[in-house]
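In my numbering, the protein residues as written are 30 to 277. Each residue gets a CB set at the ideal place from its N, CA and C atoms; glycine is no exception. Have a look at the structure below before the remarks.
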């Protein structure tokens, strides 16, 4: 239920700045939402040089989905301004494809007017998310949004938003000191598991290596810390390893 707790919190908060598909939560594992027709694009907003973009930048790439970056940017440091790097929304078991807004419009995935509204909502949401997380002592590094059109024709944010599953989060308090020592920021998301898989040689193709239970427990505990601090209440009385069937 941890992700449901996080999703409920953020979808309620997001209504302060953008339309969302959220209605209510009738059960701890269920969110009831408006039916929307989704746009077949994932809208990734990036505020820092991190992840796959950082790896590509180090190899000399300077243009990402139509957004051109300057020389001299450093890993883990803020970008001059937030950018959007959209991807296609691939079918199950297929990989999303990086794509520029111009190509999205050319393919008919969205119209120019739809993209203008979607990107505006995405930047507004990202700034709001950064503000809320900053108040908790954390940095919202980047995140993924999805949008759909409801029965009235309004464009809404759908799916989860700002959770550690769909976002990178760093600890603000130790950020400067760790970078000064040449260390990566303290992370509060699934990046640690992603890095473990990369270290095993897995980059999205082939069979997924088995992740040690210890790593999964640490990840669940991290998500729990984020959920409880955001919501201002204790969620679990026992550790994740006692509550989640995966650890049986």
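Under the three-state DSSP convention, the category residue i falls into
i: residue 76; result: strand
i: residue 184; result: strand
i: residue 189; result: coil
i: residue 170; result: strand
i: residue 101; result: coil
i: residue 152; result: helix
i: residue 249; result: helix
i: residue 52; result: strand
i: residue 128; result: coil
i: residue 70; result: strand
i: residue 158; result: helix
i: residue 223; result: helix
i: residue 203; result: helix
i: residue 231; result: coil
i: residue 217; result: coil
i: residue 92; result: strand
i: residue 147; result: helix
i: residue 106; result: coil
i: residue 178; result: strand
Which listed residue (the options) has its alpha carbon closest to that of residue i
i: residue 106; options: 141, 160, 163, 208; result: 208
i: residue 189; options: 177, 183, 181, 91; result: 177
i: residue 87; options: 73, 102, 77; result: 102
i: residue 64; options: 179, 246, 225, 144; result: 179
i: residue 217; options: 247, 164, 211, 69; result: 247
i: residue 129; options: 98, 142, 93; result: 93
i: residue 133; options: 70, 192, 155, 78; result: 70
i: residue 171; options: 59, 83, 119; result: 83
i: residue 60; options: 41, 113, 167, 68; result: 41
i: residue 233; options: 98, 91, 124, 54; result: 124
i: residue 108; options: 164, 119, 183, 91; result: 91
i: residue 244; options: 224, 262, 139; result: 224
i: residue 110; options: 163, 85, 78, 139; result: 78
i: residue 136; options: 191, 98, 68; result: 68
i: residue 279; options: 89, 151, 99; result: No statement about residue 279 is possible, as the shown extent of the chain runs from 30 to 277 and does not include it.
Buried/exposed call for residue i, threshold 16 Cβ in 10 Å
i: residue 147; result: buried
i: residue 220; result: buried
i: residue 197; result: buried
i: residue 75; result: buried
i: residue 242; result: exposed
i: residue 66; result: exposed
i: residue 149; result: exposed
i: residue 175; result: buried
i: residue 36; result: buried
i: residue 255; result: buried
i: residue 141; result: exposed
i: residue 119; result: exposed
i: residue 159; result: buried
i: residue 275; result: At residue 275, the pLDDT of 44 sits below 50, so the modelled position is not reliable and the matter cannot be decided from this model.
i: residue 192; result: buried
i: residue 214; result: buried
Residue i vs residue j beta-carbon contact at 8 Å
i: residue 222; j: residue 153; result: no
i: residue 73; j: residue 62; result: no
i: residue 194; j: residue 32; result: yes
i: residue 117; j: residue 104; result: no
i: residue 238; j: residue 226; result: yes
i: residue 58; j: residue 99; result: no
Whole-Å CB distance - residue i paired with residue j, under 8 Å assumed
i: residue 235; j: residue 202; result: Between residue 202 and residue 235 the Cβ distance is about 38 Å, and since that is not below 8 Å, they are no contact.
i: residue 131; j: residue 112; result: 14 Å between Cβ atoms; not a contact.
i: residue 43; j: residue 186; result: 6 Å
i: residue 264; j: residue 34; result: 6 Å
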